[in-house]
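First to last, the protein sequences are chains S and X. The first sequence begins at 311 in the numbering used here and counts up one residue at a time. The second sequence begins at 311 in the numbering used here and counts up one residue at a time. All residues carry an ideal CB built from backbone N, CA and C; glycine is no exception. The block underneath contains the structure these notes are about, expressed in structure tokens.
Number of protein chains: 2
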Amino acid sequence: MAKNITARDTDYSKWYNDIVQQADLAENSGVRGCMVIKPYGYAIWEKMQAELDRMFKATGHVNAYFPLFIPKSYFSKEASHVDGFAKECAIVTHYRLKNAEDGSGVIVDPTAKLEEELIVRPTSETIIWDTYRKWIQSYRDLPLLINQWANVVRWEMRTRLFLRTTEFLWQEGHTAHATKKEAVEETEQMIGIYAKFAEGFMAMPVVIGTKTESERFAGALETYCIEALMQDGKALQAGTSHFLGQNFAKAFDVKFATKEGKQEYVWASSWGVSTRLMGALVMTHSDDYGLVLPPKLAPFQVVIVPIYKGEEQLEAVSKVANKVKKALEEKGISVKFDNRDTHKPGWKFAEYELKGVPLRLALGARDLENGTIEIARRDTLEKEAYQITDIENKVEHLLSQIQDNLYKKALTFREEKTYKADSKKEFVKLINEGGFVYAHWDGTSETEELIKQETKATIRCIPLEKTGESGECVFSGKPSNQRVLFAKSY
Amino acid sequence: MAKNITARDTDYSKWYNDIVQQADLAENSGVRGCMVIKPYGYAIWEKMQAELDRMFKATGHVNAYFPLFIPKSYFSKEASHVDGFAKECAIVTHYRLKNAEDGSGVIVDPTAKLEEELIVRPTSETIIWDTYRKWIQSYRDLPLLINQWANVVRWEMRTRLFLRTTEFLWQEGHTAHATKKEAVEETEQMIGIYAKFAEGFMAMPVVIGTKTESERFAGALETYCIEALMQDGKALQAGTSHFLGQNFAKAFDVKFATKEGKQEYVWASSWGVSTRLMGALVMTHSDDYGLVLPPKLAPFQVVIVPIYKGEEQLEAVSKVANKVKKALEEKGISVKFDNRDTHKPGWKFAEYELKGVPLRLALGARDLENGTIEIARRDTLEKEAYQITDIENKVEHLLSQIQDNLYKKALTFREEKTYKADSKKEFVKLINEGGFVYAHWDGTSETEELIKQETKATIRCIPLEKTGESGECVFSGKPSNQRVLFAKSY
Numbered sequence: 311m312a313k314n315i316t317a318r319d320t321d322y323s324k325w326y327n328d329i330v331q332q333a334d335l336a337e338n339s340g341v342r343g344c345m346v347i348k349p350y351g352y353a354i355w356e357k358m359q360a361e362l363d364r365m366f367k368a369t370g371h372v373n374a375y376f377p378l379f380i381p382k383s384y385f386s387k388e389a390s391h392v393d394g395f396a397k398e399c400a401i402v403t404h405y406r407l408k409n410a411e412d413g414s415g416v417i418v419d420p421t422a423k424l425e426e427e428l429i430v431r432p433t434s435e436t437i438i439w440d441t442y443r444k445w446i447q448s449y450r451d452l453p454l455l456i457n458q459w460a461n462v463v464r465w466e467m468r469t470r471l472f473l474r475t476t477e478f479l480w481q482e483g484h485t486a487h488a489t490k491k492e493a494v495e496e497t498e499q500m501i502g503i504y505a506k507f508a509e510g511f512m513a514m515p516v517v518i519g520t521k522t523e524s525e526r527f528a529g530a531l532e533t534y535c536i537e538a539l540m541q542d543g544k545a546l547q548a549g550t551s552h553f554l555g556q557n558f559a560k561a562f563d564v565k566f567a568t569k570e571g572k573q574e575y576v577w578a579s580s581w582g583v584s585t586r587l588m589g590a591l592v593m594t595h596s597d598d599y600g601l602v603l604p605p606k607l608a609p610f611q612v613v614i615v616p617i618y619k620g621e622e623q624l625e626a627v628s629k630v631a632n633k634v635k636k637a638l639e640e641k642g643i644s645v646k647f648d649n650r651d652t653h654k655p656g657w658k659f660a661e662y663e664l665k666g667v668p669l670r671l672a673l674g675a676r677d678l679e680n681g682t683i684e685i686a687r688r689d690t691l692e693k694e695a696y697q698i699t700d701i702e703n704k705v706e707h708l709l710s711q712i713q714d715n716l717y718k719k720a721l722t723f724r725e726e727k728t729y730k731a732d733s734k735k736e737f738v739k740l741i742n743e744g745g746f747v748y749a750h751w752d753g754t755s756e757t758e759e760l761i762k763q764e765t766k767a768t769i770r771c772i773p774l775e776k777t778g779e780s781g782e783c784v785f786s787g788k789p790s791n792q793r794v795l796f797a798k799s800y
Numbered sequence: 311m312a313k314n315i316t317a318r319d320t321d322y323s324k325w326y327n328d329i330v331q332q333a334d335l336a337e338n339s340g341v342r343g344c345m346v347i348k349p350y351g352y353a354i355w356e357k358m359q360a361e362l363d364r365m366f367k368a369t370g371h372v373n374a375y376f377p378l379f380i381p382k383s384y385f386s387k388e389a390s391h392v393d394g395f396a397k398e399c400a401i402v403t404h405y406r407l408k409n410a411e412d413g414s415g416v417i418v419d420p421t422a423k424l425e426e427e428l429i430v431r432p433t434s435e436t437i438i439w440d441t442y443r444k445w446i447q448s449y450r451d452l453p454l455l456i457n458q459w460a461n462v463v464r465w466e467m468r469t470r471l472f473l474r475t476t477e478f479l480w481q482e483g484h485t486a487h488a489t490k491k492e493a494v495e496e497t498e499q500m501i502g503i504y505a506k507f508a509e510g511f512m513a514m515p516v517v518i519g520t521k522t523e524s525e526r527f528a529g530a531l532e533t534y535c536i537e538a539l540m541q542d543g544k545a546l547q548a549g550t551s552h553f554l555g556q557n558f559a560k561a562f563d564v565k566f567a568t569k570e571g572k573q574e575y576v577w578a579s580s581w582g583v584s585t586r587l588m589g590a591l592v593m594t595h596s597d598d599y600g601l602v603l604p605p606k607l608a609p610f611q612v613v614i615v616p617i618y619k620g621e622e623q624l625e626a627v628s629k630v631a632n633k634v635k636k637a638l639e640e641k642g643i644s645v646k647f648d649n650r651d652t653h654k655p656g657w658k659f660a661e662y663e664l665k666g667v668p669l670r671l672a673l674g675a676r677d678l679e680n681g682t683i684e685i686a687r688r689d690t691l692e693k694e695a696y697q698i699t700d701i702e703n704k705v706e707h708l709l710s711q712i713q714d715n716l717y718k719k720a721l722t723f724r725e726e727k728t729y730k731a732d733s734k735k736e737f738v739k740l741i742n743e744g745g746f747v748y749a750h751w752d753g754t755s756e757t758e759e760l761i762k763q764e765t766k767a768t769i770r771c772i773p774l775e776k777t778g779e780s781g782e783c784v785f786s787g788k789p790s791n792q793r794v795l796f797a798k799s800y
């Protein structure tokens with residue numbers, strides 16, 4: 311077991327915090343609820359960003375940037391949005407400080423009070439749709455497919471690094487369409503892209519579905535989501551895509567002239583993922599030894615550690631190590647050669663295990679004699695000596711294996727923890743054990759609320775994949791035409 | 311002259327605003343002083359970011375992310391910093407809204423008042439150095455070379471798109487070193503990188519120098535800057551790099567153990583460029599027809615416009631156009647093929663001229679017969695028909711020519727507008743005509759302030775390039791051992 315890391319079985323929540331902090335991903339800052347994303351953690355986020363951005367652009371989206379501040383009155387324009395978002399938020403009321411007369415420091419200048427308070431954006435629908443009114447006149451201006459990478463603030467009372475922080479980083483897509491059909495297709499396309507990213511890059515299997523009415527985004531007609539199962543049996547919502555209908559177009563009076571010259575309201579979608587994905591990534595693959603990273607998102611996929619005594623051996627080992635590094639880099643593999651003489655090999659081994667580097671190559675004087683190199687896999691913790699010839703192909707193959715293996719392992723875990731419940735008793739028992747529970751529900755908010763109060767489980771989603779199976783609600787006994795996915799959640 | 315664009319000679323300031331808005335770079339938002347960066351403008355900013363980020367990483371820097379909010383008390387810790395930055399800023403005082411009892415909307419909940427107000431970061435030295443205290447214990451932790459891409463807010467009274475906005479995007483580097491020498495070298499390296507970026511990518515010549523004491527960054531011992539000359543004869547500060555000495559280390563108590571085991575304060579630098587560069591780019595190259603972009607920063611370098619009558623011709627033209635597009639893309643050239651049938655070729659020509667696309671290729675039915683293609687250069691506005699064979703090499707060559715030509719043109723302009731003044735009378739006359747004026751100055755803040763009051767000119771920098779020429783201050787007649795650079799400025 312790694313030093314400083316609490317075992318999952320001992321305290322899962324502490325294990326998570328230990329990994330995030332010990333692996334240098336993030337830490338709490340001096341500002342309540344706001345985190346500092348450390349360089350190693352930020353490098354993973356950059357990889358996520360780059361890949362998502364590429365996927366967004368490949369589907370015709372462009373980036374733009376909208377203001378951090380939103381006038382308070384904007385929130386009141388969309389009736390259901392205001393209740394969902396304009397409550398726990400950071401409010402700017404003044405624009406100047408001055409020196410205190412008693413010399414004790416700086417104080418807020420009471421004469422510099424804003425006429426209208428500004429809200430630090432919790433999400434940008436309102437300011438963006440206020441802008442779209444100017445950008446959209448005719449069907450020629452549609453569709454408008456815009457994404458923004460930004461920071462947002464929601465005044466959370468209980469925060470956890472990455473999973474729930476007052477400020478977080480995210481992307482928010484905001485699209486405008488001429489028809490309902492197109493807007494729905496966009497909403498579905500984007501949840502599909504999130505699922506593809508989660509499974510293909512994060513190696514994290516997800517269930518795609520829609521939220522129940524009570525769990526929908528404030529202002530949406532339909533919210534699609536991807537839900538992943540964490541190792542403690544809780545669900546984590548990893549991304550959402552909302553079909554907004556004409557709600558924001560009506561609230562901000564955004565109409566367009568159709569080809570036939572009629573004036574119609576625009577149809578909308580919005581969709582986002584955030585630094586919460588970092589938390590999901592940590593919790594999906596890591597173990598009691600530290601972080602485990604899928605090769606596609608690792609800041610460096612391979613680390614080479616030289617084992618040597620004295621300058622002369624280091625020089626000989628470095629020569630070969632640099633050759634290996636170059637051969638790997640030519641294959642597009644990212645490599646760090648850690649030749650620091652301030653730390654011993656054992657210390658380095660522990661460090662890179664903790665940081666989840668997918669492959670560790672160790673190269674010593676004896677390896678040079680034998681023409682070998684030792685490779686340790688982070689996912690299985692297996693070590694093996696390989697012939698150094700053709701090492702770049704072996705490494706490439708191993709990286710691809712690790713990526714697949716992590717996905718399969720997570721999928722197997724999820725499958726083992728996925729149940730069907732056909733009675734209330736069974737349902738309560740399974741929910742308390744943790745995992746995904748598929749059960750029939752009568753479709754009412756009342757039963758949904760009752761289940762939540764009695765078991766702390768929520769409906770994570772109504773799966774898109776339909777089985778056509780009907781049955782009876784496990785709580786009310788009323789008819790149901792589909793099982794929905796229940797779990798306790800983050 | 312382009313529709314909607316005021317000529318530079320008529321009203322330079324209006325010309326600038328017209329270009330920024332008509333070329334779809336940015337616009338004012340509903341929030342005072344905050345801009346919306348539109349997709350075309352943001353695509354240029356993304357190109358700037360990508361290149362700068364590459365340069366930062368190539369010199370060993372990594373990215374991280376620090377909180378948006380800074381507790382008010384942090385600003386008081388570095389004495390000179392507080393006066394420079396903690397004055398005109400956005401202040402968060404509350405964290406909750408509630409429904410007004412009279413149903414009129416939402417109001418600030420007076421019970422949700424923060425104990426300590428939070429400042430929306432105007433720059434992040436304080437919060438970062440508060441964090442560095444935890445990260446730095448030993449010489450092994452140094453140097454710490456971190457950059458952040460972020461939004462910042464300074465409550466400006468008079469704002470102009472890109473040049474001075476309440477919220478803007480930037481990067482801020484914050485480095486920590488074991489020795490003064492290393493920190494100074496880092497500060498100089500980074501201003502060098504900014505100069506290389508400005509000249510090599512923006513095609514904008516700059517003068518590198520240091521600021522006088524009165525123009526220094528609040529908290530710095532030395533501020534390096536790059537200064538560019540705009541077409542109206544005013545200077546624009548395009549980037550700064552600060553040597554902070556041990557000021558922030560002392561304010562936030564950041565010490566490290568040397569190899570010898572002694573405790574010493576850390577040495578620091580910080581450096582930044584912002585979306586202000588977008589304003590500089592516009593003003594350096596654009597003309598009365600619209601935006602002019604250097605190929606290295608153009609969202610697309612080439613646009614192909616088909617000229618056709620009817621479906622059949624379009625099909626034939628498209629076939630060739632797509633072949634050309636593919637050949638260009640294989641050379642790494644970015645191309646847009648605008649085959650929209652909602653707009654006429656003439657409209658498209660005007661549009662891409664306004665948007666500064668470096669090369670416009672027009673392809674019609676007659677070209678197909680002749681095996682030709684028409685190429686129009688945005689920088690010179692020259693048009694010429696080329697044989698379509700080997701067109702990708704011609705385009706590549708032309709793009710490189712345009713990049714060089716824009717730099718040379720800007721350099722020639724600057725040289726023609728650069729003067730030496732040897733008397734007060736001459737100085738005043740030259741400053742009023744606009745341009746860079748090199749003159750002797752006695753080195754005192756008093757004379758600097760007097761010159762500013764009498765002529766509105768400021769010392770843009772003390773150039774790094776030394777001539778060794780001594781003389782007499784043009785205002786006080788006192789001795790001076792170096793000419794400094796004066797200009798009116800943005």
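Whole-angstrom distance between residue j and residue i, CA atom to CA atom
i: K348/S; j: E764/S; result: 40 Å
i: P605/X; j: W325/X; result: 22 Å
i: W577/X; j: R586/X; result: 28 Å
i: Q447/S; j: F566/S; result: 5 Å
i: G510/X; j: K718/X; result: 11 Å
i: G549/S; j: C399/S; result: 21 Å
i: E337/S; j: Q481/S; result: 22 Å
i: M467/S; j: T433/S; result: 18 Å
i: D700/X; j: L678/X; result: 15 Å
i: G343/S; j: I741/X; result: 52 Å
i: L818/X; j: S584/X; result: As shown, chain X starts at 311 and ends at 800. That puts residue 818/X outside it, with no answer to give.
i: L760/X; j: L664/X; result: 42 Å
i: K727/X; j: A505/X; result: 20 Å
i: E639/S; j: K798/S; result: 43 Å
i: P773/X; j: N327/X; result: 31 Å
Residue environment, residue i, which counts as buried when at least 16 other CB atoms sit within 10 Å
i: R464/X; result: buried
i: N557/S; result: buried
i: P789/X; result: exposed
i: S524/S; result: exposed
i: Q611/S; result: buried
Contact list for residue i against chain X, beta-carbon separation under 9 Å
i: V430/S; result: L378, F379, A400, V402 and V430
i: L407/S; result: K382, F385, V392, A396, K397, E398, C399, I401, E427 and I429
i: D440/S; result: S339 and G340
Neighbour list for residue i in chain B, Cβ cutoff strictly below 8 Å
i: G666/S; result: The structure shown contains no chain B; the protein chains it does contain are S and X.
Closer than 8 Å at the beta carbon, the chain X residues around residue i
i: V627/S; result: Per Cβ cutoff of 8 Å: no residues; V627/S is ~22 Å from chain X at best.
Integer Cβ distance of residue i from residue j, believed to fall under 8 Å
i: V392/S; j: V416/X; result: 6 Å
Could you please tell me which residues of the stretch 378 to 403 of chain S, in chain order, have their CB closer than 9 Å to any CB of chain X?
-> L378, F379, I380, P381, K382, S383, Y384, F385, S386, V392, D393, A396, K397, E398, C399, A400, I401, V402 and T403
Against chain X: residues of the stretch 365 to 376 of chain S by CB proximity under 7 Å | Here the close residues are V372, N373, A374, Y375 and F376.
Which residues, taken in chain order from the stretch 331 to 350 of chain S, show a beta carbon closer than 8 Å to some beta carbon of chain X?
-> E337, S339, G340, V341, C344, M345, V346, I347, K348 and P349
Of all the residues that make up the stretch 465 to 494 of chain X, which are near chain S by a beta-carbon distance shorter than 9 Å?
-> Closer than 9 Å at the C-beta level to chain S, one finds these residues of the stretch 465 to 494 of chain X: W465, T476, E477 and L479.
Taking Cβ-Cβ distances below 7 Å as the criterion, which residues of the stretch 640 to 655 of chain S are in contact with chain X?
-> T652
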